[in-house]
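Visitor: Here it is, the structure, as structure tokens.
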Amino acid sequence: MNLHDFYYELPQELIAQDPLLDRSSSRLLLLDKATGETEHHIFRDIVDYLYPGDCLVINNTKVIPARLIGSREETGARIEVLLLKRTEGDVWETLVKPGKKARPGTRIRFGDGLLTGEVLEVVEDGNRKIRFHCEGIFEEILDQLGQMPLPPYITHQLKDRNRYQTVYAKHDGSAAAPTAGLHFTPELLQKIEEKGVHIAHVTLHVGLGTFRPVKAENILEHHMHSEFYMVEEEQARLINETKACGKRVIAVGTTSCRTLESAAGEDGILKAGSGWTDIFIYPGYEFRMIDGLITNFHLPESTLLMLVSALAGREKILNAYAEAVRERYRFFSFGDAMFIK
Numbered sequence: 091m092n093l094h095d096f097y098y099e100l101p102q103e104l105i106a107q108d109p110l111l112d113r114s115s116s117r118l119l120l121l122d123k124a125t126g127e128t129e130h131h132i133f134r135d136i137v138d139y140l141y142p143g144d145c146l147v148i149n150n151t152k153v154i155p156a157r158l159i160g161s162r163e164e165t166g167a168r169i170e171v172l173l174l175k176r177t178e179g180d181v182w183e184t185l186v187k188p189g190k191k192a193r194p195g196t197r198i199r200f201g202d203g204l205l206t207g208e209v210l211e212v213v214e215d216g217n218r219k220i221r222f223h224c225e226g227i228f229e230e231i232l233d234q235l236g237q238m239p240l241p242p243y244i245t246h247q248l249k250d251r252n253r254y255q256t257v258y259a260k261h262d263g264s265a266a267a268p269t270a271g272l273h274f275t276p277e278l279l280q281k282i283e284e285k286g287v288h289i290a291h292v293t294l295h296v297g298l299g300t301f302r303p304v305k306a307e308n309i310l311e312h313h314m315h316s317e318f319y320m321v322e323e324e325q326a327r328l329i330n331e332t333k334a335c336g337k338r339v340i341a342v343g344t345t346s347c348r349t350l351e352s353a354a355g356e357d358g359i360l361k362a363g364s365g366w367t368d369i370f371i372y373p374g375y376e377f378r379m380i381d382g383l384i385t386n387f388h389l390p391e392s393t394l395l396m397l398v399s400a401l402a403g404r405e406k407i408l409n410a411y412a413e414a415v416r417e418r419y420r421f422f423s424f425g426d427a428m429f430i431k
């Protein structure tokens with residue numbers, strides 16, 4: 091499979107720059123993965139397409155304000171640091187711009203010295219390991235100094251940082267939001283539960299590897315970065331019971347999907363536990379756990395577009411995307427949603 095097989099034309103003005111005032115008023119494109127037929131709805135209508143006994147699986151990770159603007163101690167030059175994952179104690183793997191100025195030994199000041207960092211080493215893909223020093227609790231200082239790490243295609247300033255957070259976010263650790271979940275409100279989740287649909291929680295801390303462009307023309311040569319996931323015993327039991335009863339397991343977002351597929355054994359049983367996953371799902375993959383997927387619209391030639399193509403078929407996905415473009419849907423993180431059922 092070639093990278094260009096997953097290309098589509100997207101007018102720049104369809105990239106959503108701001109979240110809607112009402113989370114659940116986004117548009118919803120229904121795609122039948124068996125027939126390729128589509129329907130157009132409003133997101134809050136999702137309750138009509140979930141049935142008693144189904145299990146909706148949501149990712150309760152919480153985005154940390156992982157973007158730090160600082161200056162080099164030696165020269166005062168501006169430097170930007172994006173926290174990717176904590177490797178141990180006060181050491182984080184980070185993405186630094188400009189990277190050339192961040193050699194091992196470089197010291198960086200943030201917030202007039204409220205927080206400092208020292209570059210320890212250069213690791214895979216040019217990322218930097220940085221040891222941070224501060225007086226007080228690191229998370230509280232990060233909350234004070236850090237900014238939400240919005241994707242580069244969003245150029246508008248985010249007025250309310252909670253809008254890049256799901257209403258059920260719980261466990262700190264993500265460098266990006268699981269954006270399919272941004273459409274849910276507490277009221278909508280309550281309606282879904284009142285209908286007899288189970289809601290299960292898993293955790294996957296989203297790393298930027300998910301969004302890295304695929305550079306290999308042969309997609310099989312692309313290497314995924316690992317991300318931390320966790321499935322609790324009670325949640326695994328609920329999801330396994332849903333499968334055993336012949337009901338549907340529907341993942342909210344590609345992050346929930348990758349968590350479930352990573353934790354599922356070859357026997358189709360979901361295993362509780364935690365670990366790191368670098369699962370790469372592309373056409374030809376046989377899903378062990380999920381039956382449906384609620385997701386946003388993804389970038390051309392991205393691994394996430396390959397994942398949804400694995401579930402519904404590449405041609406059906408590209409046809410649905412072409413229809414979404416014609417119908418002027420809003421794309422990417424703050425955009426509209428699709429339900430592959």
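With the sequence shown counted from 1, adding 90 to any position gets you our numbering.
Every residue, glycine too, gets a C-beta built ideally from N, C-alpha and C.
(1) Which partner residues does Val446 have in the DSSP bridge list?
(2) Report the option in Val181, Ala306, Ser115, Gly207 whose CA atom is closest to the CA atom of Ile159.
(3) Do Val304 and Ser161 have their beta-carbon atoms positioned less than 8 angstroms apart in this structure?
(4) For the alpha helix (DSSP H) containing Met396, list its first residue and its last residue.
(5) Whole angstroms is fine: what's the gap from Gly425's alpha carbon to Glu164's?
(6) Write down every uninterrupted run of the beta strand (DSSP E) in the region 276 to 322 whose length is 3 residues or greater and which is fully enclosed by it, in chain order.
(7) Can you tell me which of the three DSSP states Glu163 falls into?
(8) Can you grab the Cα-Cα spacing for the pair Gly203 / Cys224, in whole Å?
(9) Can you tell me whether Gln325 is buried or exposed? The criterion is at least 16 other CB atoms within 10 Å of its CB, across all chains shown.
(10) Given a cut-off of 8 angstroms on the beta-carbon distance, is the pair Ile309 and Tyr411 in contact?
(11) Is the CB-CB distance between Leu93 and Glu307 below 8 angstroms?
(12) Go to Ser364, then tell me how far its beta strand (DSSP E) extends in each direction, as first and last residue.
(13) Under a Cβ-count criterion, where at least 16 other Cβ atoms within 10 Å of its own Cβ denotes burial, should Val213 be classed as buried or exposed?
(14) Please give me, in chain order, every unbroken run of the beta strand (DSSP E) with length at least 3 that falls completely inside the region 340 to 384.
(15) Less than 7 angstroms between C-beta atoms, sequence neighbours within five positions excluded: which residues of the same chain meet that for Phe421?
(16) By DSSP, does Gln247 sit in helix, in strand, or in coil?
(17) Taking the continuous alpha helix (DSSP H) assigned at Asp233, which residues delimit it?
(18) Alpha carbon to alpha carbon, how far is Val209 from Glu322?
(19) Any heavy atom of the ligand HEM closer than 7 angstroms to the CB of Cys224?
(20) Consult DSSP for Lys260 and reduce its assignment to one of helix, strand or coil.
(21) CB-CB under 6 angstroms to Leu394, same chain, minus the five flanking residues each way: which ones, in chain order?
(22) Tell me which same chain residues have a C-beta within less than 7 angstroms of the C-beta of Gly217, skipping the five on either side of it?
(23) Run the CB neighbour count on His313, radius 10 Å, all protein chains shown included, and call it buried at 16 or more, exposed below.
(24) Under the rule that 16 or more other beta-carbon atoms within 10 Å means buried, what is Asn149, buried or exposed?
(25) Out of curiosity, what's the CA-to-CA distance linking Val415 and Pro194?
(26) Among Asp180, Asp233, Arg221, Ile289, which residue has its Cα nearest to the Cα of Gly201?
(27) Enumerate in chain order the residues of its own chain whose CB-to-CB distance from His246 is below 8 angstroms, with the five nearest sequence positions on each side excluded.
(28) DSSP has Glu129 in a bridge; who is on the other side?
(29) Since Gly207 is in the beta strand (DSSP E), which residue starts that stretch and which ends it?
(30) Thinking C-beta only, is Thr385 closer than 8 angstroms to His295?
Guide: This is what the structure holds:
(1) Only positions 91 to 431 of the chain appear in this structure, which leaves residue 446 out of reach.
(2) What you label residue 159 is simply residue 69 of the sequence shown in a count that begins at 1. Of the candidates Val181, Ala306, Ser115, Gly207, the one whose C-alpha sits nearest the C-alpha of Ile159 is Gly207.
(3) Position 71 of the sequence shown, counting from 1, holds the residue named residue 161. Position 214 of the sequence shown, counting from 1, holds the residue named residue 304. Not a contact, by the Cβ cut-off of 8 angstroms.
(4) Locating residue 396 in the sequence shown gives position 306, counting from the first residue. Met396 -> alpha helix (DSSP H) spans 393 to 402.
(5) Counted from its first residue, the sequence shown places residue 425 at position 335. Counted from its first residue, the sequence shown places residue 164 at position 74. If I take the Cα positions, the gap works out to 42 angstroms.
(6) 288 to 294, 317 to 321
(7) Residue 163 sits at position 73 when you count from the first residue of the sequence shown. Coil at Glu163, not helix or strand.
(8) The residue given as residue 203 occupies position 113 in the sequence shown. The residue given as residue 224 occupies position 134 in the sequence shown. Going from the Cα of Gly203 to the Cα of Cys224 covers about 8 angstroms.
(9) Counted from its first residue, the sequence shown places residue 325 at position 235. Buried, because 16 or more other Cβ atoms sit within 10 Å of the Cβ of Gln325.
(10) To locate residue 309, count along the sequence shown from 1; it is residue 219. To locate residue 411, count along the sequence shown from 1; it is residue 321. No, Cβ-Cβ distance for Ile309 and Tyr411 is not below 8 angstroms.
(11) Against the sequence shown, residue 93 aligns to sequence position 3. Against the sequence shown, residue 307 aligns to sequence position 217. Yes, the pair counts as a contact, with Cβ atoms nearer than the cut-off.
(12) For this step, residue 364 is matched to residue 274 along the sequence shown. Looking at the DSSP string, the run of the beta strand (DSSP E) that includes Ser364 is 363 to 367.
(13) Along the sequence shown, read from residue 1 onward, the residue named residue 213 stands at position 123. Answer is exposed; the Cβ neighbour count stays below 16.
(14) 363 to 367
(15) Translated into positions along the sequence shown, residue 421 becomes position 331. Excluding sequence neighbours, Phe421 sits near Leu100, Leu104, Ile105, Ala106, Phe387.
(16) Within the sequence shown, the letter at position 157 stands for residue 247. Coil at Gln247, not helix or strand.
(17) Your numbering for residue 233 matches position 143 in the sequence shown. Run containing Asp233: 228 to 235, per the alpha helix (DSSP H) assignment.
(18) Residue 209 sits at position 119 when you count from the first residue of the sequence shown. Residue 322 sits at position 232 when you count from the first residue of the sequence shown. Distance between the alpha carbons of Val209 and Glu322 is about 35 angstroms.
(19) As for the ligand HEM, it is missing from this structure, which has no ligand bound.
(20) Position 170 of the sequence shown, counting from 1, holds the residue named residue 260. Residue state, collapsed to three classes: coil.
(21) In the sequence shown, residue 394 corresponds to position 304, counting from 1. So the qualifying residues of the chain are Thr344, His388.
(22) Counting from one through the sequence shown, the residue named residue 217 turns up at place 127. At residue 217 the sequence reads Asn, which differs from the Gly that was named. Leu174, Glu183, Thr184, Leu185, listed in sequence order.
(23) Locating residue 313 in the sequence shown gives position 223, counting from the first residue. Burial call: exposed.
(24) For the purposes of this step, residue 149 is identified with residue 59 of the sequence shown, where counting begins at 1. Classification for Asn149: buried.
(25) As a first step, residue 415 must be located in the sequence shown, where it is residue number 325. As a first step, residue 194 must be located in the sequence shown, where it is residue number 104. Whole-angstrom Cα-Cα distance: 46 angstroms.
(26) For the purposes of this step, residue 201 is taken as residue 111 along the sequence shown, with counting starting at 1. Closest option to Gly201, Cα to Cα, is Asp233.
(27) By one-based count along the sequence shown, residue 246 stands at place 156. Closer than 8 angstroms at Cβ, skipping near neighbours: Gln107, Asp108.
(28) Your numbering for residue 129 matches position 39 in the sequence shown. In the DSSP output, where bridge partners are listed per residue, Glu129 has Leu120.
(29) The residue you call residue 207 lines up with position 117 of the sequence shown. Looking at the DSSP string, the run of the beta strand (DSSP E) that includes Gly207 is 205 to 212.
(30) Taking the first residue of the sequence shown as 1, we reach residue 295 at position 205. Taking the first residue of the sequence shown as 1, we reach residue 385 at position 295. Cβ atoms of His295 and Thr385: not closer than 8 angstroms.
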